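**Q** Line order of the protein sequences matches chains A and B. Quick note: to get the working numbering, add 20 to the position in the first sequence (first position is 1). Quick note: to get the working numbering, add 2 to the position in the second sequence (first position is 1).
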Amino acid sequence: MKVKISAILLLLLVVAGCATARPDARADLLNFICNGQTTKTEVLIKLGQPSATFESENIFTYRLGFDAHNNGYYVMERGLYARVYPDYTTWEAIKYSLVLVFDGHNVLREHSLVEVTQ
Amino acid sequence: MKPIMFAAAIASLTTGCVFIPVPHDYVVGSRQNMTEQSTNLIQPGKDTIEKLMLKMGEPDAVSPDERRITYASEKSVGELFIFGLDTDGSDLPNVSSYRFLNIMLDHHGVVTNCFLIKQLSIGVSPDNQMSMFVGSIHGEPIKVSFEALCNPDFNPRAFYGHIMLTDSTLYDFEESQLPHDDPVLSLRYETIKNYWVTNDPFGPSLTISTKDGHNY
Numbered sequence: 021m022k023v024k025i026s027a028i029l030l031l032l033l034v035v036a037g038c039a040t041a042r043p044d045a046r047a048d049l050l051n052f053i054c055n056g057q058t059t060k061t062e063v064l065i066k067l068g069q070p071s072a073t074f075e076s077e078n079i080f081t082y083r084l085g086f087d088a089h090n091n092g093y094y095v096m097e098r099g100l101y102a103r104v105y106p107d108y109t110t111w112e113a114i115k116y117s118l119v120l121v122f123d124g125h126n127v128l129r130e131h132s133l134v135e136v137t138q
Numbered sequence: 003m004k005p006i007m008f009a010a011a012i013a014s015l016t017t018g019c020v021f022i023p024v025p026h027d028y029v030v031g032s033r034q035n036m037t038e039q040s041t042n043l044i045q046p047g048k049d050t051i052e053k054l055m056l057k058m059g060e061p062d063a064v065s066p067d068e069r070r071i072t073y074a075s076e077k078s079v080g081e082l083f084i085f086g087l088d089t090d091g092s093d094l095p096n097v098s099s100y101r102f103l104n105i106m107l108d109h110h111g112v113v114t115n116c117f118l119i120k121q122l123s124i125g126v127s128p129d130n131q132m133s134m135f136v137g138s139i140h141g142e143p144i145k146v147s148f149e150a151l152c153n154p155d156f157n158p159r160a161f162y163g164h165i166m167l168t169d170s171t172l173y174d175f176e177e178s179q180l181p182h183d184d185p186v187l188s189l190r191y192e193t194i195k196n197y198w199v200t201n202d203p204f205g206p207s208l209t210i211s212t213k214d215g216h217n218y
């Protein structure tokens with residue numbers, strides 16, 4: 021009986037250790053994003069510097085991780101992809117690519133949350 | 003079995019090694035949204051750079067003028083057991099399959115063309131990769147792909163690269179180039195005046211002479 025309890029406790033400890041929640045993950049991280057209303061400045065204040073920009077900074081992209089424990093998103097930095105093609109960046113631990121398209125007045129026109137890894 | 007896997011299996015049988023297929027899983031760090039369904043969503047002539055990114059996400063590589071965009075993924079497809087190589091199996095050369103979706107845009111940011119290049123790469127060691135490419139370049143299927151030491155105009159600065167032949171053109175990519183870059187050499191067959199093969203101490207050597215007086 022003692023062996024069984026010890027085994028269960030050990031298993032729980034291992035599971036808990038493997039599944040550490042990200043303290044910076046927030047379920048409401050993206051709630052402020054709204055087409056036709058959100059400005060580029062708001063995005064920069066709430067999400068920080070984008071991982072990449074395109075079309076004279078009219079397109080912002082962010083790399084997001086996802087913590088299943090609290091259904092929360094967190095912003096990831098670009099990591100180097102040190103395999104065959106060293107110029108490529110890694111998508112390790114990244115779940116989504118957030119794409120934000122702004123109009124000429126720096127107001128969000130369109131956005132999408134693209135799932136890049138399973 | 004896919005043709006590229008069949009070719010790898012045949013090649014391995016003829017060179018004293020055995021190709022061991024493994025389940026095709028994405029390697030850690032690879033993007034995973036380059037399926038046939040997602041790439042079929044791209045509509046040349048209609049999609050803009052914005053639509054493209056809204057569908058596919060942030061690309062893996064972009065040219066400085068943002069008119070060439072690449073999405074890439076890497077899957078592990080097998081391992082190579084080489085007869086006579088002293089190994090316990092833990093460091094078998096791995097065989098990876100890369101997919102590069104290359105998208106070209108015009109000056110208005112509209113997609114003009116997209117093509118997929120697949121690369122089968124054997125990692126003999128971190129510094130020694132053997133590769134062959136399949137797919138298409140500028141809408142033409144790659145008929146033959148092989149590695150070669152290239153020496154344009156007999157310049158002392160030779161480089162190791164990948165030669166790819168389509169129905170109309172010979173392309174040469176420097177080894178360090180990513181497949182989305184422009185090739186260092188692009189020769190349409192009608193520009194070739196003459197070519198000949200010689201046997202050098204290092205192996206067969208192909209020399210090409212063009213009508214405008216260049217030698218490769």
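Quick reminder that beta carbons are idealized off the backbone N, C-alpha and C, glycines included. Given the structure is predicted, the values throughout are model-derived calculations rather than measurements.
Rounded to whole angstroms, what's the CA-CA distance from residue 132 of chain A to residue 70 of chain B? Just pull it up for me.
**A** C-alpha separation (whole angstroms): 21 Å.
**Q** At the 8 Å Cβ level, is residue 74 of chain A part of the contact set with chain B, yes or no?
**A** Yes, residue 74 of chain A lies at the interface with chain B (some Cβ there is under 8 Å from its Cβ).
**Q** Tell me, please, whether the stretch 43-58 of chain B touches the stretch 62-78 of chain A by the rule of three or more beta-carbon pairs shorter than 8 Å.
**A** Yes, they touch.
**Q** To the nearest angstrom, report how far apart residue 195 of chain B and residue 25 of chain B are at their CA atoms.
**A** Each residue's Cα considered, the two are about 47 Å apart.
**Q** Going by the DSSP bridge assignment, what does residue 121 of chain B pair with across the sheet?
**A** Answer is B/100, B/135, bridged to residue 121 of chain B.
**Q** I need the straight-line Cα distance from residue 145 of chain B to residue 114 of chain B, nearest angstrom please.
**A** Cα-Cα distance, rounded: 23 Å.
**Q** Given that residue 32 of chain B touches chain A, what residues does it touch there, using C-beta distances under 7 Å?
**A** Within 7 Å Cβ-Cβ: 111.
**Q** Does residue 115 of chain A pass the burial test, meaning 16 or more other C-beta atoms within 10 Å, or should it be called exposed?
**A** Buried is the call here.
**Q** DSSP three-state label for residue 51 of chain B, please.
**A** Residue 51 of chain B falls in the helix class under three-state DSSP.
**Q** Closer than 7 Å between beta carbons: that is the criterion. Which residues of the stretch 52-63 of chain A meet it against chain B?
**A** Those would be none; no residue qualifies.
**Q** Out of curiosity, what's the CA-to-CA distance linking residue 67 of chain B and residue 111 of chain B?
**A** Rounded to the nearest angstrom, the two C-alpha atoms are 10 Å apart.
**Q** Return the residue from the list B/123, B/43, B/47 that minimises the CA-CA distance to residue 96 of chain B.
**A** That would be B/123, whose Cα lies nearest to the Cα of residue 96 of chain B.
**Q** Counting only the same chain and skipping the five closest in sequence on each side, list residues whose C-beta sits under 7 Å from that of residue 140 of chain A.
**A** Given a span of 21 to 138 for chain A in the structure shown, any question on residue 140 of chain A remains unanswerable.
**Q** Using a Cβ-Cβ cutoff of less than 8 Å, which residues in the same chain neighbour residue 51 of chain A once the five nearest sequence positions on both sides are dropped?
**A** Nothing meets the Cβ criterion.
**Q** With distances taken from CA atoms, which of B/29, B/149, B/215 is nearest residue 137 of chain A?
**A** Per the Cα distances, B/29.
**Q** Report the CB separation of residue 78 of chain A from residue 47 of chain A in whole angstroms; it is logged as a contact under 8 Å.
**A** About 29 Å separates the two Cβ atoms, so there is no contact after all.
**Q** Which partner residues of residue 96 of chain A appear in the DSSP bridge assignment?
**A** Its beta-bridge partners are A/83.
**Q** Compare the beta carbon distance of residue 150 of chain B and residue 139 of chain B with 8 Å and say whether it is the shorter of the two.
**A** No.
**Q** Going along chain A, which residues have a C-beta under 9 Å from residue 51 of chain B?
**A** Those are 74, 75, 79, listed as they occur along chain A.
**Q** Near residue 120 of chain B, which residues of its chain fall below 6 Å by C-beta distance, leaving aside the five closest residues on each side in sequence?
**A** So the list reads 101, 136, 137, once near-sequence residues are dropped.
**Q** Is the shortest distance between the beta-carbon of residue 69 of chain A and the beta-carbons of chain B less than 8 Å?
**A** Judged by the 8 Å Cβ criterion, residue 69 of chain A is not in contact with chain B.
**Q** Using a threshold of 7 Å, is the CB atom of residue 115 of chain B nearer than that to any non-hydrogen atom of the ligand ZN?
**A** Ligands displayed in this structure: none; no statement on the ligand ZN is therefore possible.
**Q** What are the residues that DSSP puts in a beta bridge with residue 107 of chain B?
**A** DSSP, once it has assigned bridges, lists B/113 as partnering residue 107 of chain B.
**Q** Show which residues of chain A have a CB atom less than 7 Å away from the CB atom of residue 35 of chain B.
**A** Neighbours of residue 35 of chain B on chain A, chain order: 134, 135, 136.
**Q** Which class does residue 41 of chain B belong to by DSSP, given the choice of helix, strand or coil?
**A** Of the three classes helix, strand and coil, the one that applies to residue 41 of chain B here is helix, per DSSP.
**Q** When Cβ atoms are compared, which residues of the stretch 82-96 of chain A fall closer than 9 Å to chain B?
**A** So the close ones are 82, 83.
**Q** Can you name the start and end residues of the beta strand (DSSP E) that residue 172 of chain B belongs to?
**A** Taken as a continuous stretch (DSSP letters only), the beta strand (DSSP E) holding residue 172 of chain B covers 171-176.
**Q** Quick one: is residue 68 of chain B near chain A, going by C-beta distance under 8 Å?
**A** Yes, residue 68 of chain B counts as interfacial toward chain A.
**Q** I'd like to know whether the C-beta atoms of residue 60 of chain B and residue 83 of chain A end up nearer to each other than 8 Å.
**A** Yes; because the gap between Cβ atoms is below 8 Å, this pair is in contact.
**Q** DSSP state of residue 58 of chain B, grouped into three classes?
**A** If DSSP states are grouped into helix, strand and coil, residue 58 of chain B belongs with the helices.
**Q** According to DSSP, simplified to helix, strand and coil, what is residue 65 of chain A?
**A** Helix.
**Q** How many Å lie between residue 108 of chain B and residue 47 of chain B at the Cα?
**A** For residue 108 of chain B and residue 47 of chain B, the distance between alpha carbons rounds to 10 Å.
**Q** Are residue 32 of chain B and residue 75 of chain B touching if we call contact CB-CB under 8 Å?
**A** Closer than 8 Å, so yes.
**Q** For residue 199 of chain B, I'd like the list of residues in its chain whose CB is within less than 6 Å of its CB, leaving aside the five on either flank, ordered along the chain.
**A** Result list for residue 199 of chain B: 206, 208, in chain order.
**Q** Mind checking whether residue 105 of chain B and residue 44 of chain B have CB atoms under 8 Å apart?
**A** The answer is yes: Cβ separation under 8 Å.
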